[in-house]
């Protein structure tokens, strides 16, 4: 399978715990994005990497959220001290830098439930 | 900040009827991309529109970009049950050179066989 892979697919955690999600993009894609999607809404941009550099971070993203992309390959998204409001689907997407606008390939997402 | 709005939120049609979803922005759109998300699935790219007034067709799907680049539409002719899902438009931020997407809320299509 050469698509975008996300792990785990589902995560249930207790409020206050830390969680980490992983995204493996399509191998030749140097752009990687994290989005969050809640029920009945479109995906909401969280952050963007070009290679290993995190170039943009949404102002909506609190300090409890951090993302990394070491060596410009896979990426991790960590949420510290989770809150019930963090419950959502976390989607990773990747694209190739051929032009400013190319299609994004999304992974299956990680569904987070904070109880 | 920029808002991308879609209407309607839901649409139920009989199989064979047509369907249209409309996308509007509070600001001029950079480029428009359309995605389809099946129930329980992830967004899948359908098409990108770049030029003012552009019209593109994919079989029964017709995509339009407004002359002022502030709106877009997706029209499906003679819907089939395989068209079920949520259709999202997204402003693709080429001007900021990041490719990040600002999505609308989506239109969920249900097709009755």
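Chains as they are written, first to last, in our numbering: chain A, 1161 to 1275; chain B, 18 to 130. Virtual Cβ for every residue (Gly too), placed ideally from N, Cα, C.
Own chain residues within Cβ distance below 6 Å of residue 39 (chain B), not counting five before or after: Taken in chain order, the residues that qualify are 24, 90.
Nearest-angstrom Cα separation, counted from residue 128 (chain B) out to residue 31 (chain B): Spanning the two alpha carbons is a distance of roughly 6 Å.
Neighbour flag for residue 1205 (chain A) against chain B, beta carbons, 7 Å: Chain B has a Cβ within less than 7 Å of the Cβ of residue 1205 (chain A).
Best match in B:57, B:56, B:63, B:59 for proximity to residue 49 (chain B) [C-alpha to C-alpha]: Of the candidates B:57, B:56, B:63, B:59, B:63 places its Cα closest to the Cα of residue 49 (chain B).
Where the beta strand (DSSP E) containing residue 1232 (chain A) begins and where it ends: Neither: residue 1232 (chain A) is in no beta strand (DSSP E) and is coded neither H nor E.
Extent of the continuous beta strand (DSSP E) run through residue 1220 (chain A): Membership of residue 1220 (chain A) in any beta strand (DSSP E) is not indicated, and neither H nor E is assigned to it by DSSP.
Inter-residue spacing [alpha-carbon to alpha-carbon] between residue 85 (chain B) and residue 52 (chain B): Per the coordinates, the alpha-carbon of residue 85 (chain B) lies some 22 Å from the alpha-carbon of residue 52 (chain B).
Residue 1209 (chain A) versus residue 1256 (chain A) - alpha carbon distance: Rounded to whole angstroms, residue 1209 (chain A) and residue 1256 (chain A) show a C-alpha spacing of 12 Å.
8 Å Cβ cut-off: residues of chain A touching residue 59 (chain B): What residue 59 (chain B) touches in chain A, judged by beta-carbon distance under 8 Å, is 1251, 1266, 1267, 1268, 1269, going in chain order.
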